[in-house]
Each structure stands twice: as structure tokens, then as C-alpha cells.
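Respectively, the protein sequence lines represent chains A and B.
Quick note on our numbering: the first sequence kicks off at 1 and runs consecutively.
Quick note on our numbering: the second sequence kicks off at 1 and runs consecutively.
Don't be surprised by glycine CBs; every beta carbon is placed ideally from N, CA and C.
See structure below.
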Amino acid sequence: APTSIQNKYLKVTFDTQTGLLSGLTNLETQQTIKLMQNFYWYNASVGNSESVQTSGAYIFRPNSTTPIIINTKPEVTTLQNSVVQEVRQWFSPWVSQVVRLYAESKYLELEWTVGPIPVRDLFGKEVITRLDSSIETEGYFYTDSNGREILQRRKDYRPTWDLKQTEPVAGNYYPINTRAFIKDKQNQLTVVTDRSQGISSIYNGSLEIMVHRRLLCDDYRGVGEALSEPGDYNDGLSVRGRLLLALTPPSTSADTHRPLGQEMVFQPTLSFQQGAP
Amino acid sequence: EGDSNTLKHAMAVAQHHDAVSGTEKQHVANDYAKRLAIGSAHCQVLVSNSLALLSGSNVPRVFCENLNISVCPITESSKQFLLNVYNPLARPVGWSVHLPVNGSVYNVTDSDGTPVDNQVIPVSKATQDLRRDRGSAQFELVFQVQAPPMGFSTYTITLVQDSPAPAPPKPG
């Protein structure tokens, strides 16, 4: 992997041994965080001695709190030119990503591609990407509600009742519609998504986003089918999406993520015509 | 004739039935997707008619729904084509576009004829795997477009050179 890619606003560093992200610097504000990112999957529960509840479309219930890492050392290729810089990471035949930095952009783009999720091993898989940062979050993170009110989330806690946490992973997952962030006094890392997803912060300084899932059991909520969409070729659905990352001081972060969220939701419409003007 | 009501109805059905993947049987999910696709096609006609009126050009306009996997027949095969960028936001935006192409050098100009910095990069392996037999573009043409508030801009893209191919990505 390259040591780093950068434009006039952002510098992104990589671990040259593993090819994974290792840091992010906002060159305007001179703030830097450690930032590692990788892909993992949770093994979907098929029920256990505590409960027969399986993981399904309505119910997210991993059978372990530890997700399985897909690859610690992806194959990496790089492209650098005056318009865009790309680090292409190939984690497995069903997980890859492009880390992309445009010349004029104040955010880092992560374009992930996941699927078709293999299930021949008979394990249902719930695929996440996790961002582990040096930001001291102390169990707090923030998610939006349809791009409007942003709510504070606290690990193993509900503001209106005494929670007895029975699902240490799923019980800390929340919806994200356009954005989520973690912050401390100096730094705020905001993630803008292109679709509604599930998100959590299981560890201090981390954000994990569920990007895809393929399951083998129904969850007994009335559908009577496992969540295993066939895709074009009946071998499972492939999904490609984008995450935009912005590193800012907490006090000015909204100046960045509000326009960014708008641009993501209301993207320009492209159309084409043959020939000369 | 185009209309936006078809998409409005399809979206209303999807929202009313909580059409999140997996919370209905697969054939129902397929039906939701089909309704949305039909609605989207009607909207494309509507947008096309509106842009034709605004631009004064009746040249047929196409939309490429698979740009995210580098599939777009018109950009892949044309020696010259126009890109229209409609911005629905009430402020100007800059946006980077990736167009699937087969040439290695292109000339991109905005509506004033000013050249736009652009680069041709190889299509990634992941994209080739995803699209399978749906397209054959070897490269992506990357450049930044600007569009006015709730308006559109037009770019002209002209093939300059078919070969040689740009260098492949460097191994990590």
C-alpha cells in the first residue's frame, strides 16, 4: 500500500504492511486521528439454550460478540493522478473496497462492494465494516433520524428505563439514515451513508456499520422465509455502497456534514445524448 | 408522456407495507422493486421532456442506471456525447463523475467550451466481477462537474485517442 494519499484538505495514511487505513488528518485544522478500518462478519444465531430466537430479517442476533475478520491483509492496488487518488482493497472474492480521494474534496470516500455472500458453510452472515479510531468516546455515539434530529446513543443504556442488556451486540445497534458520528473534545469523525443501515459503537472510538446480510433461517415474525435474496444470477445479492468520512472539530462539524448529507441524498441526475452539442 | 405519479404510488405502497428487504416474501420484494422501477422509468421520461424543453434539444436522451458498476452503452461506444447534469439542490454543487469508456484519451469541455481536467483510469476487478456480461468498458473517465442551483449544466465529451491504454494499477 502507499504510505499516504492526500489533497489540500485531507491526508489519509495506510499501514504499508497490511494495506489497511491507519490514519486521517484534516490539513486545514491540523487535526489527526488514528483510524483503522476493516470488514468482518457476525455468525447469525440459529438459537441457543437461552432462546430459540434465530437471526432473521426483523431480528439481528449474532451468536457471538466477536465478529470474524474477513482478511487482515487485503490485496492492494493504487491509482494516483490529478483528478482522483484511489487505493483499491480486495479482501476476498465477495468483499472489496475503493478508498477514494478527489482533488477538491473535504471528505474521504469509501466505496464498498459486498456479495454474493457465500453460505455453503451453512453459516448465515451479517457483514459489517468497522472504523476503529483514537477518538475517546466513552461509550457514546450519535445517529440521525431521517437526516433530522441527531440522537445521542450510549452503550448498554436507555434514557427512559433501566436496561438489562441481554444482547451485547444487537442491543446496541441503532438505525442510521444519513449520518452518524463519534466525538471527543477535539475531534469529530462523521460518517455519511448513501442508504439506511444499522450502526453501533461497541468499543470506545469505534463505529461499525452493517452493510449486507444473508441468512439461512426465518426469524418467526410471519414472513416464513430466510433473508437470502437471490440476486441476478441466483447466487446471492451483490451490493455496492458508499461511506463518506469527515474529520472536523466538533464545533464546526455540522458545516461539513449537513451539505454533505444533502448532496448524498439529492445527487445530481445524469443523462446522456449522442453526438455534438 | 412522463409522470411522477407512478413513482409516487409505488413509493407509497412500499412505505405503507414497510418494504424493507426480508420483511416480506421474496416474490413480494420483487413486486415492490418492479413497481419502483416502472415509476422510475416514468420519471425519466418526465425529466427528459423537461430538459428537452429547457435546453431546446430534442436529441434522444438516455439515463444509465448501472453507472455504479461502470455500465452505460452510450458512453462506452460513442466517439462524442453530451452529459447533462441536473442539480435538484437549491445551491450550486460540484460532483465527481465516473463514466465507463473504452478510449484512453478524452477531451471534456463545459458549455462555454472551457476544457475540464479529466483522467482515464482502469475499471476495477471488483466492478468487472459485478457486471459480468452487462458491459465491456475497460476504463472510467473521471472528472468534476458543476451544476447551478435547481438547474442543469452540459458537458461535451470527445474521444481523442483509442490507444494506448493507460497503465494498469500499481501492485500494492
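Helix, strand or coil at A/I209 according to DSSP, with G and I counted as helix: The residue given as residue 209 of chain A occupies position 209 in the first sequence. Here A/I209 sits in strand by DSSP.
Coil, strand or helix - B/H17 by DSSP: Mapped onto the second sequence, residue 17 of chain B falls at position 17. In this structure, B/H17 counts as coil in the three-state DSSP scheme.
Min CB distance B/R35 to chain A below 8 angstroms: In the second sequence, the residue the question calls residue 35 of chain B occupies position 35. At a cut-off of 8 angstroms between beta-carbon atoms, B/R35 makes no contact with chain A.
Residues from the region 142-155 of chain B in contact with chain A, defined by Cβ distance under 8 angstroms: Per Cβ criterion, the list reads V142, F143, Q144, V145, A147 and T154.
Cβ neighbour criterion (16 or more within 10 Å) applied to A/Y173: Counted from its first residue, the first sequence places residue 173 of chain A at position 173. Around the CB of A/Y173, 16 or more other CB atoms lie within 10 Å, so the residue is classed as buried.
Contacting residues, own chain, Cβ-Cβ under 8 angstroms from A/T13 (five flanking each side not counted): Taking the first sequence and counting its residues from 1, the one referred to as residue 13 of chain A is at position 13. Hits under 8 angstroms: T3, S4, L21, S22, G23, L24 and T25.
Beta-bridge partners of A/S271, as assigned by DSSP: Numbered from 1 along the first sequence, position 271 holds the residue referred to as residue 271 of chain A. Beta-bridge pairing links A/S271 to B/N84.
Contact check, B/G113 vs B/Q146, beta carbons under 8 angstroms: Residue 113 of chain B sits at position 113 when you count from the first residue of the second sequence. Residue 146 of chain B sits at position 146 when you count from the first residue of the second sequence. Against a cut-off of 8 angstroms, the Cβ pair of B/Q146 and B/G113 comes out as no contact.
Whole-angstrom C-beta distance between B/L141 and B/Q106, which should lie under 8 angstroms: For the purposes of this step, residue 106 of chain B is taken as residue 106 along the second sequence, with counting starting at 1. For the purposes of this step, residue 141 of chain B is taken as residue 141 along the second sequence, with counting starting at 1. Per the sequence shown, the amino acid found at residue 106 of chain B is Tyr instead of Gln. Approximately 5 angstroms separates the beta-carbon atoms of B/Y106 and B/L141; this is inside 8 angstroms, confirming the contact.
Chain-ordered neighbours of B/Y86 on chain A, where CB pairs are closer than 9 angstroms: As a first step, residue 86 of chain B is located in the second sequence; it is residue number 86 there, counting from the start. Ordered by position in chain A, the residues that pass the 9 angstroms Cβ test against B/Y86 are P268, T269, L270 and S271.
Closest residue to A/L260 among A/R100, A/F123, A/S251 and A/K106 (Cα-Cα distance): In the first sequence, counting from the first residue as 1, residue 260 of chain A sits at position 260. Answer by Cα proximity: A/K106.
Partner residues on chain A for B/K8, Cβ-Cβ distance less than 7 angstroms: Here residue 8 of chain B is taken as the residue at index 8 of the second sequence, counted from 1. Here the premise fails: no neighbours, minimum Cβ distance about 17 angstroms.
Proximity test, Cβ basis, 8 angstroms: B/A19 and chain A: On the second sequence, residue 19 of chain B is found 19 positions in, with the first residue counted as 1. Chain A, which has no Cβ nearer than 8 angstroms to the Cβ of B/A19, makes this no.
Cα-Cα separation between A/E28 and A/Y9, rounded to whole angstroms: Locating residue 28 of chain A in the first sequence gives position 28, where the first residue counts as 1. Locating residue 9 of chain A in the first sequence gives position 9, where the first residue counts as 1. Whole-angstrom Cα-Cα distance: 6 angstroms.
Any non-hydrogen atom of the ligand ADP within 7 angstroms of B/R132 CB: Annotation note on the ligand ADP: not contained in the displayed structure, which lists no ligands.
Beta-carbon gap between A/L131 and A/L35 smaller than 8 angstroms: Taking the first sequence and counting its residues from 1, the one referred to as residue 131 of chain A is at position 131. Taking the first sequence and counting its residues from 1, the one referred to as residue 35 of chain A is at position 35. Yes.
Cβ contact (3+ pairs, closer than 8 angstroms) linking the region 86-93 of chain B and the region 121-136 of chain B: no
Touch test, the region 111-125 of chain A against the region 209-225 of chain A, Cβ-Cβ under 8 angstroms, three pairs minimum: yes
Cβ pair count under 8 angstroms reaching 3, the region 249-263 of chain A against the region 179-198 of chain A: yes
Chain A contacts made by the region 67-84 of chain B, where a contact means CB separation under 8 angstroms: Going along the region 67-84 of chain B in chain order, one finds L67, N68, I69, C72, I74, T75, S78, Q80, F81, L82, L83 and N84 with a Cβ nearer than 8 angstroms to chain A.
Per-residue DSSP class, three states only, for A/E263: Within the first sequence, numbered from 1, the residue matching residue 263 of chain A stands at position 263. Correct three-state label for A/E263: helix.
CB contact below 8 angstroms: B/D133 versus chain A: Numbered from 1 along the second sequence, position 133 holds the residue referred to as residue 133 of chain B. Chain A contact via Cβ: absent.
is_contact[A/L21, chain B] using C-beta, thresh 8 angstroms: As a working note, residue 21 of chain A is residue 21 in the first sequence. Not one chain B Cβ lies under 8 angstroms of A/L21.
Beta-carbon gap between B/L46 and A/F272 smaller than 8 angstroms: For this step, residue 46 of chain B is matched to residue 46 along the second sequence. For this step, residue 272 of chain A is matched to residue 272 along the first sequence. No; because the gap between Cβ atoms is not below 8 angstroms, this pair is not in contact.
Residue-chain proximity (A/V84, chain B), Cβ-Cβ < 8 angstroms: Here residue 84 of chain A corresponds to residue number 84 of the first sequence, with the count starting at 1. Yes, its Cβ sits closer than 8 angstroms to a Cβ of chain B.
Contacting positions in the region 87-120 of chain B - beta carbon closer than 7 angstroms to chain A: N87, P88, L89, V93, G94, W95, S96, V97, D117, N118 and Q119
Beta-carbon contacts of B/A14 that lie in its chain and below 6 angstroms, excluding the five residues immediately before and after: Counted from its first residue, the second sequence places residue 14 of chain B at position 14. Within the same chain, B/A14 has close Cβ partners Y32.
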